[in-house]
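Numbering (our numbering), first residue to last: 2 to 161. Cβ atoms here follow ideal geometry from the backbone N, Cα and C, with glycine treated the same way. Working notes, beginning with the structure itself.
Shown next as structure tokens:
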């Protein structure tokens, strides 16, 4: 897919409008989203530099990749910078996004009872069957803990 970013300075509304489009065919574009920013925000960001401009326009709904964001920042700087562009609308060149191929995994059957692949054998070797606690092994009596710090002991005793 090819993406196009249309960047427009709207002096009448005192805003910057970024339109994200995807090119389906040579003659057909679909709008993915439109972002509207206050001109004052962009003018301030332009004075601080390209990275500030990028931070100013990126948000949850519009977060282009780094190279695309850098190109958009350059266009915004040309619209609002010292050498302010005469035109009020610029396009970032089309960016071809590589197709995302889904990863394919092969399902493996679960081991049958008694089969072992050796990965969990160490558990039985280290602890043995005798190390497992049964419900009968646990006492129902409360355990008293002694707190070393007297200040903390007072805090705990107040809560009880």
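For residue i, which of helix, strand or coil comes out of DSSP?
{"i": "residue 16", "result": "strand"}
{"i": "residue 68", "result": "helix"}
{"i": "residue 76", "result": "helix"}
{"i": "residue 106", "result": "coil"}
{"i": "residue 84", "result": "coil"}
{"i": "residue 58", "result": "helix"}
{"i": "residue 111", "result": "coil"}
Could you check the C-alpha separation between residue i and residue j for me, to the nearest Å?
{"i": "residue 71", "j": "residue 12", "result": "23 Å"}
{"i": "residue 53", "j": "residue 83", "result": "16 Å"}
{"i": "residue 85", "j": "residue 68", "result": "23 Å"}
{"i": "residue 38", "j": "residue 24", "result": "24 Å"}
{"i": "residue 40", "j": "residue 57", "result": "11 Å"}
List the residues that DSSP assigns as beta-bridge partners of residue i.
{"i": "residue 30", "result": "24"}
{"i": "residue 39", "result": "16"}
{"i": "residue 10", "result": "17"}
Buried or exposed for residue i, going by 16 or more other Cβ atoms inside 10 Å?
{"i": "residue 76", "result": "buried"}
{"i": "residue 106", "result": "exposed"}
{"i": "residue 65", "result": "buried"}
{"i": "residue 3", "result": "exposed"}
{"i": "residue 21", "result": "buried"}
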